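For what it's worth, my numbering labels the leading residue of the sequence shown as 177, then goes sequentially.
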Amino acid sequence: MADLVGELQKVKTSIRRQMLDNLSFQNNQMWEVDRSVRPEYSSLLNPRPGGIVRVDRLGGLKPLTPPPLSNIAMQALEFEQSQLEQLTGVTRYNQGLDAKSLNKTATGISAIMGASQQRIELIARTFAETGVRELFRLMLALNQQFMDKTYSLRIYGESSMVEPDDIKGLFDISINVGISAGRQEETQQQMMQLLQMAPGLMQGGVMTPDNVYEVLKKLMSSWGHKDVDRYVSDPQYVQQMQQQMEQLGQQAQQMQQQLEQSQQLLQMLPPELLQQTQQQLQMMQQQQSMMQQQGAPPAQPQGMPPQPGGM
């Protein structure tokens, strides 16, 4: 970029300096002096508002005023600016500086801005692929050579541990070049149109909830939101939660059925046997609690075989 605009910048600087010199000469002009009037040269060399110059006779001083600056200098500046825009692709439309563009069609302005943005993106892509990629490759090589302990890194809000063995070998380095504001607005409009078409596409089987989720992620990323999961949920995560809820419901239903079966069995027992069974269960619970406090193994219920390995 500097090679493209360097010479033109020098020309513009020279024209501007000459314009300032001409303005300075207009305000502080030179003088034609007759030596016979014997003026005060210090007053002529140091002009000031309201100052006076003493002379022996009148008519011996004459100002030498240079001609005013013509429009040629402004035309030259405009020409150099147009050359810069053609070389760099950065036009006044991109910077919002040309008020005359309000009288032109939106389609034409969009075409000009699109062409200039493509040139800027090409320059940025070339810089990223040739310079930034190699820079990160060298940084990775230095880490592989000198990293000797585990480090904690924070990536997208989550902490992860990186060990020296994790960065051994060869890696592919991918560069993402940021797009301009105009391209972001275009992407946002495309994603919103796709969301409006999503219900019909899902009915036709062309689109799935996962595809809608990816569209929302792209849209929110173009809006500048990095924590997308705070606003929308991954359909796979929602499906896993639904499956877990279904499993919990099935387990609760099975436990309810077992409880009902146990109650039915207890109701079928004679009252005397039911009371005796409840008393035995209470005694067993008391004995187990006492033996656990004393550190002894729990007693076996009556009528049950001993545990394997017992004497």
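In this text, a Cβ means the ideal position worked out from N, Cα and C, and glycines have one as well.
Every value quoted in this text rests on a predicted model; they were computed, and no experiment measured them.
For residue i, which of helix, strand or coil comes out of DSSP?
i: residue 193; result: helix
i: residue 237; result: strand
i: residue 216; result: coil
i: residue 397; result: helix
i: residue 337; result: strand
i: residue 200; result: helix
i: residue 279; result: Annotation note: pLDDT 47 at residue 279 (below 50); position unreliable, no value reported.
i: residue 273; result: Note that residue 273 scores a pLDDT of 46, beneath 50, so its modelled location is shaky; the value from the coordinates is reported in the next line. The answer is coil: DSSP assigns residue 273 none of H, G, I, E or B.
i: residue 327; result: strand
i: residue 227; result: coil
i: residue 349; result: coil
Considering only C-alpha positions, which residue in the set the options is nearest to residue i?
i: residue 296; options: 263, 337, 328 and 323; result: 263
i: residue 230; options: 240, 391, 243 and 211; result: 211
i: residue 369; options: 382, 349 and 391; result: 391
i: residue 345; options: 321, 182 and 247; result: 321
Nearest-angstrom Cα distance between residue i and residue j?
i: residue 351; j: residue 337; result: 23 Å
i: residue 222; j: residue 206; result: 11 Å
i: residue 468; j: residue 450; result: 27 Å
i: residue 255; j: residue 330; result: 51 Å
i: residue 299; j: residue 312; result: 19 Å
i: residue 347; j: residue 384; result: 33 Å
i: residue 432; j: residue 379; result: 39 Å
i: residue 386; j: residue 470; result: 60 Å
i: residue 214; j: residue 261; result: 56 Å
i: residue 180; j: residue 257; result: 13 Å
Does the distance from the CB of residue i to the CB of residue j come in under 7 Å?
i: residue 398; j: residue 366; result: no
i: residue 234; j: residue 208; result: no
i: residue 242; j: residue 201; result: yes
i: residue 195; j: residue 249; result: yes
Hey, quick one: how far does the alpha helix (DSSP H) through residue i stretch, first residue to last?
i: residue 206; result: Element bounds for residue 206: not the alpha helix (DSSP H) but the beta strand (DSSP E), 206-209.
i: residue 465; result: 447-470
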